[in-house]
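Visitor:
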Amino acid sequence: MRLIRHCARFLIFLSAISFIDFSLSSKSKKSSTWTSSRDFLEKEGQQWSKVSCKNTKKDHIMNLRAKKSNDQLMSCLLKALKESNDAFLWNVLGESYQKLRGNIKAANICFKEASKQGGKLSKFIQKWHFIGPFVIGKGEVDGDPVEEWGGVKNISQYRWDKKFFLYSELVPGGEIRWMEISQKTATEPVAVAPPVNWNDLVMSLQSMGITEWQGWVLGDFFVNEDDVTVLVQCLGVHTLYIDDSVLTGDVYRRDQFWSSIKLSRGIHTLHLHLRTKGSIAFTYTIKLLETKQTFLVLSPSFSPDLVDGKLFSTFISIPINNLHSSNWLRVTKVSTVKESSYSLQFSVKLTAEDKAFAIAPGQVRPIKVVLEYKNGKQQRVDDDTCSDVKLLLKVSTNKGPDQKITINLRCRKVSQSFLFTFLDHDASVQHGAAIVPLTSCPSGVCPSLLTLHGTTVPPQNQADSYKRMENGKWVFGVDHLWLVAPTRHGAHNWEGPGELTAMMALRSLAKLTKEAPWIGPQADENQVVFAGHSMGGHGAWQLGTHYPDNALALVSAAGWIKKEDYGDSNLFFRHDISTSHTSPSVKSILEACTAENDADKHVSNLHGVPVMIRIGAADRTVHPYFTRRMFRLLREQRTNVTYSEIVDKEHWWWDTYKTNDGGVVNDPIIRKFAVDHAKSAAVVSPLASHCKKDKECSPADTTEKYKSSSDQRTDRNTAGNGKFQLTVYNPVANTGLRGVRIMQQIIPFHKSSIDIFFSWNSVVMSTANVARICLKEPSISPVLWHQRSVEVDGTVVSGLKYQAGQECIISLCKSDVHSWEPCQDAVLESKLMRGPVNMGPARRVAEGPFLIVTGTSFVEKHITTTLRQFAVYIANLFFLTSDAWAPVVSDADLNDEIADQYNLILVGSPLENSWVKQFHERVPLKYESNTLSLGRCTFSSPQTGAVFLAPHAGFRLALIISGNSIDGIRDAVSLAKPTIPPMTRSPFSNMVPDYVITGPMFPARGPGGYLCSGFWNNRWRYGREISSCVC
175 MRLIRHCARF LIFLSAISFI DFSLSSKSKK SSTWTSSRDF LEKEGQQWSK
225 VSCKNTKKDH IMNLRAKKSN DQLMSCLLKA LKESNDAFLW NVLGESYQKL
275 RGNIKAANIC FKEASKQGGK LSKFIQKWHF IGPFVIGKGE VDGDPVEEWG
325 GVKNISQYRW DKKFFLYSEL VPGGEIRWME ISQKTATEPV AVAPPVNWND
375 LVMSLQSMGI TEWQGWVLGD FFVNEDDVTV LVQCLGVHTL YIDDSVLTGD
425 VYRRDQFWSS IKLSRGIHTL HLHLRTKGSI AFTYTIKLLE TKQTFLVLSP
475 SFSPDLVDGK LFSTFISIPI NNLHSSNWLR VTKVSTVKES SYSLQFSVKL
525 TAEDKAFAIA PGQVRPIKVV LEYKNGKQQR VDDDTCSDVK LLLKVSTNKG
575 PDQKITINLR CRKVSQSFLF TFLDHDASVQ HGAAIVPLTS CPSGVCPSLL
625 TLHGTTVPPQ NQADSYKRME NGKWVFGVDH LWLVAPTRHG AHNWEGPGEL
675 TAMMALRSLA KLTKEAPWIG PQADENQVVF AGHSMGGHGA WQLGTHYPDN
725 ALALVSAAGW IKKEDYGDSN LFFRHDISTS HTSPSVKSIL EACTAENDAD
775 KHVSNLHGVP VMIRIGAADR TVHPYFTRRM FRLLREQRTN VTYSEIVDKE
825 HWWWDTYKTN DGGVVNDPII RKFAVDHAKS AAVVSPLASH CKKDKECSPA
875 DTTEKYKSSS DQRTDRNTAG NGKFQLTVYN PVANTGLRGV RIMQQIIPFH
925 KSSIDIFFSW NSVVMSTANV ARICLKEPSI SPVLWHQRSV EVDGTVVSGL
975 KYQAGQECII SLCKSDVHSW EPCQDAVLES KLMRGPVNMG PARRVAEGPF
1025 LIVTGTSFVE KHITTTLRQF AVYIANLFFL TSDAWAPVVS DADLNDEIAD
1075 QYNLILVGSP LENSWVKQFH ERVPLKYESN TLSLGRCTFS SPQTGAVFLA
1125 PHAGFRLALI ISGNSIDGIR DAVSLAKPTI PPMTRSPFSN MVPDYVITGP
1175 MFPARGPGGY LCSGFWNNRW RYGREISSCV C
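All residue numbers for the sequence shown refer to the numbering used here, where the first residue is 175 and numbers rise by one.
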């Protein structure tokens, strides 16, 4: 026993000795390391001992670095590091040896020490520098006052100079200086609140728009290893720059998307061009890419519902984030791993398009997955069973291990609202909500009530707002009408892409109900009650004026007229930097880009459509002024309109006359209005089915074709004594009135009109600025063109032939100033001619499936990398602002067969992008020897950029982003930038015409720096009357 105790004591003694030895050894190693770095500093310090250093503070050192005072910088760095073993300063010293002295061995020692002290990458930026605020306009493009002083890169060197100042009209005295903002932790938001008396400005200028401002905030961080991929996430801004590279932020703060960039060791600067109202607090994260995870599979923001346990719609959109900075990622397969339901067996498949196109480095792109029943057979489902299904999917790629994601499919009863997905006009997957009609329709086909939501309202909430309480139970939906509530992420205002999404949702629902008869009556896409609230109320005006021949009725609740006049949302050249420099000719071109969205300009198109306008008398979100204006305009043309200002009601309410009676969108008055017009709908079969095999129709073929389903139906052709006026500013945006559609204008983007007069057996038309007319049978109250004579501008048109299978059963062309005759060409749009399918402005390129093509032809690798970054930046903006599907491809990988199936956005000049030269040759904007020219105008400055439309593959479009240099191309790319919420529209979707040429002053003056802008004419030629320059 005693021996055991002695042994135990001996072992304890040995352990103690070992611990002491280990501790001394550890301390010795640390001391050795520090001694090594100390020796290095002492040795190097001797070489710089004769160079004076007045201050060793970090700000002074960074000031020396910015001013390139290299000798003093080295001296101060060596002295500072003797006092403080700071990782940031070690990195600056390493960078100095590497860049200034060419001493790689010394640089390696410094970066190694910096890595030991602070890691491979800065954890966060401790000190930011801000300069601002400067005024800015409400549109996407405006000038940056900093550019007048060499740009942010130039003035950033004065961040530490207390005497440096710039000029701004927002502050007393008109002078602003750099401000410092400290950040204490990595998760702390960076708050920027300029010391401005905003109330004084708002009250004095009578404008809330003055509270929007711009400025720059900069922060430095270190990287201690070469050629590493750094991931960046910045919430609250749409664009960020690291050194000279442009990356995408996350202005909607969805907190899941990352941008990637390859960086060398040294100090790098994060630049944020802030744009906000009042104040802003942004957050950012920087981290190194983990080698094991080179991509992220992100959760879908929506998925389709099962209806009564059955598949109704099948598309799922799954965002994939390629984290690598140089490798392309190809998704090869998506498969089902596991599901929670044993009664329902599903499989999934990746679409062929998503297999075909790789995801570019740093890109976030959704992949489209299709749900199917296993073995292609629907399992029998108990009607009383409605259970949610959880699917575990596996995503396989050509890079890295497979990743898994869980998809939840809700099950909704057929009596409830449900979500459905569909393939949209741009090949993206979008979604909407629907409710089956409460009572069916005798024909088995029910008209649709297309209801458009306001800002931030989800589609299911919009659909479920059509509810009322009856006998103590909630009733959802409307009698005799399919309820359709579409949506699309972003600030589209139901214009442009939003309008197309709404109509595609309607068409998709009609198709889905036809393919799934078990759900109930089929939805009619051609006979529609257009409705909406707030932004959706504007959408109702938009769709009603653009599709009047499909409108059974229109209900606009609290709808504004156009965004430029609604509050301070989109003021037109009010406080812009560019206002001081922009000519009226440029302004007129830019305003013409959006004229098609002005509801009041198109009010004549609603004649004959029953209209109900509803608003709360106490509404101060959308003042009754706007609805009263539309009421006046409609009554002045004697349109059938019902107007109500509900006393004591504000912007939204649930109870109009009694509790839970349906409220602002669905009270008894609105329900009766919608249902009465739904009951009077006519079911009209297509003309083509009554035509002979030679594709021409005779009167005998169509004598008994049109039958009314109700005696209550009114013949719209006789409304207002048969007098109508069709008003159009862009033929793309209007499908016609009373079967008359303007297909081509004499002068594009100017006002065009047709006065139409119906008598019992004739139609007489008088045109203004119209070159081509399409005559077709409207879905509601057919015209029966074969039974009428047609006179246009005094010419009785003879020899009419009915074209079966065409949208236009009759096409009329103006042959000279006074004469009209049947058109000779069956196809309007081509590489030589423009029509509704290939008209501008620039945003039209994204109104069909499109590819972004980046140039790889230049010999210098950094130029190719920069162009790819531009392409990815644009693609990510499309996704982040509108959930768009925007594949990026290189010019070398694109062939004619693939290209002809898509619209194209091409990045690079003919020097860098092999596809661009042919498109310069198809329009008057030429490129030769690093110089752009338009007619007699030559633009030779290296900093010249161009964005322009050109014909592609017959009826398709290409948008080219070109320039005389990479700086000119960079300026052109900036036209894709969005503004701040709630107006963060998708790229090029607002005021970018057919072509814009930017010059050296564009960065500083915005549109005031446009060298030329305008629209091509009907033959893709230059026209002085539609251009801001005389060439």
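Every residue, glycine too, gets a C-beta built ideally from N, C-alpha and C.
Computed from a predicted structure; not experimentally measured.
1. Mind checking which residues open and close the beta strand (DSSP E) that includes residue 1102?
2. Could you tell me the boundaries of the beta strand (DSSP E) in which residue 449 lies?
3. Go to residue 798, then tell me how far its beta strand (DSSP E) extends in each direction, as first and last residue.
4. So, at 6 Å on beta carbons, what are the nonlocal neighbours of residue 584 in its own chain, with the 5 sequence-adjacent residues on each side left out?
5. Below 8 Å on the Cβ atoms is my contact criterion, and I expect residue 442 with residue 397 to pass it. Report the Cβ-Cβ distance as a whole number of Å.
6. Let me make sure I understand the geometry here. Which of 486, 506, 548 has the alpha-carbon closest to that of residue 513?
7. Indicate the three-state DSSP secondary structure (helix, strand or coil) for residue 476 in the structure shown.
8. Please list, in chain order, all residues of the same chain as residue 342 whose beta carbon is under 8 Å from its beta carbon, the five residues on each side excluded.
9. Note the first and the last residue of the continuous beta strand (DSSP E) segment covering residue 513.
10. So, residue 387 versus residue 450, is the Cβ gap smaller than 8 Å?
11. For the alpha helix (DSSP H) containing residue 700, list its first residue and its last residue.
12. Report the rounded CA-to-CA distance for residue 1205 versus residue 452, giving the unit in angstroms.
13. Taking the C-alpha atoms as reference points, what is the distance between residue 1062 and residue 1006?
14. Is it buried or exposed for residue 750, if we count other Cβ within 10 angstroms and need 16 for buried?
15. Between which two residues does the beta strand (DSSP E) holding residue 306 run?
16. For a test of the three-state rule: what should DSSP assign to residue 1036, helix, strand or coil?
17. Where does residue 1076 sit, in a helix, a strand or coil, going by DSSP?
18. Ends of the alpha helix (DSSP H) at residue 635?
19. If you draw a straight line from the alpha carbon of residue 243 to that of residue 419, how long is it in whole angstroms?
20. Could you give the distance in angstroms between the alpha-carbon of residue 775 and the alpha-carbon of residue 719?
21. If you draw a straight line from the C-alpha of residue 379 to the C-alpha of residue 799, how long is it?
22. For the beta strand (DSSP E) that residue 569 lies in, which residues bound it at each end?
23. Compare the Cα-Cα distances from residue 1065 to each of 739, 372, 531 and report the closest residue.
24. Under DSSP, the alpha helix (DSSP H) around residue 1145 begins and ends at which residues?
25. Could you give the distance in angstroms between the alpha-carbon of residue 1165 and the alpha-carbon of residue 823?
26. Determine the closest residue to residue 1118 out of 1096, 376, 1125, 1143, with distance taken between C-alpha atoms.
27. How far does the beta strand (DSSP E) with residue 917 in it reach, from first residue to last?
28. Taking the Cβ atom as the reference point for each residue, do residue 355 and residue 345 lie within a distance shorter than 8 Å?
29. Starting from the C-beta of residue 946, find all residues in its chain whose C-beta is less than 8 Å away, skip the five residues before and the five after it, and write them out in chain order.
30. Mind checking residue 678: buried by the 16 CB within 10 Å criterion, or exposed?
31. Alpha carbon to alpha carbon, how far is residue 730 from residue 924? Give it in angstroms, no decimals.
32. What do you reckon, are the CB atoms on residue 656 and residue 697 nearer than 8 Å?
33. Can you give me the Cβ contacts of residue 211 inside the same chain, cut-off strictly under 7 Å, excluding the 5 residues immediately before and after it?
34. Can you give me the C-alpha to C-alpha distance between residue 961 and residue 935, rounded to a whole angstrom?
35. May I have a chain-ordered list of the alpha helix (DSSP H) segments no shorter than 4 residues that lie completely inside the stretch 746-780?
36. Kindly list the residues whose CB is nearer than 7 Å to the CB of residue 663, restricted to its own chain and excluding five residues on each side of it in sequence; keep chain order.
Guide: On the basis of the data shown:
1. From DSSP, the beta strand (DSSP E) with residue 1102 extends over 1099-1102.
2. Residue 449 -> beta strand (DSSP E) spans 440-451.
3. No beta strand (DSSP E) contains residue 798, which is instead part of the alpha helix (DSSP H) from 798-810.
4. Result list for residue 584: 479, 562, in chain order.
5. Indeed they touch by this definition, with Cβ atoms about 6 Å apart.
6. Per the Cα distances, 548.
7. If DSSP states are grouped into helix, strand and coil, residue 476 belongs with coil.
8. The answer, listed in chain order, is 306, 307, 308, 309, 319, 348, 349, 350.
9. In the DSSP assignment, residue 513 falls within the beta strand (DSSP E) that extends over 505-513.
10. In this structure, residue 450 lies closer than 8 Å to residue 387 by Cβ.
11. Where residue 700 is concerned, there is no enclosing alpha helix (DSSP H), although the beta strand (DSSP E) around it starts and stops at 696-707.
12. Answer to the nearest angstrom: the Cα atoms are 43 Å apart.
13. Rounded to the nearest angstrom, the two C-alpha atoms are 28 Å apart.
14. Per the 10 Å Cβ criterion, buried.
15. Where residue 306 is concerned, the enclosing beta strand (DSSP E) stretches over 301-309.
16. Of the three classes helix, strand and coil, the one that applies to residue 1036 here is helix, per DSSP.
17. Here residue 1076 sits in coil by DSSP.
18. Here the alpha helix (DSSP H) through residue 635 covers 633-638.
19. If you take the alpha carbons of residue 243 and residue 419, they lie about 26 Å apart.
20. The C-alpha of residue 719 is placed about 9 Å away from the C-alpha of residue 775.
21. Computed Cα separation, rounded: 22 Å.
22. Where residue 569 is concerned, the enclosing beta strand (DSSP E) stretches over 563-571.
23. For the residues 739, 372, 531, the minimum Cα distance to residue 1065 belongs to 531.
24. Where residue 1145 is concerned, the enclosing alpha helix (DSSP H) stretches over 1140-1147.
25. Within the model, the alpha-carbon separation for residue 1165 versus residue 823 is close to 36 Å.
26. Per the Cα distances, 1143.
27. 914-918 is the extent of the beta strand (DSSP E) around residue 917.
28. Result no, Cβ atoms of residue 355 and residue 345 do not sit closer than 8 Å.
29. Excluding residues within five positions, the ones whose Cβ falls inside 8 Å are 916, 917, 918, 985, 986, 987, 988, 997, 1002, 1009.
30. With 16 or more other Cβ atoms within 10 Å, it is buried.
31. Inter-residue distance for residue 924 and residue 730 is about 27 Å (C-alpha atoms, whole angstroms).
32. One thing to note: residue 656 has its Cβ within 8 Å of the Cβ of residue 697.
33. Same-chain partners within the cutoff: 287.
34. Taking the straight line from one Cα to the other gives about 7 Å.
35. DSSP runs (the alpha helix (DSSP H)) wholly in the stretch 746-780: 758-768.
36. If we look at residue 663 and ignore the five residues flanking it on each side, its Cβ neighbours are 1056, 1057.
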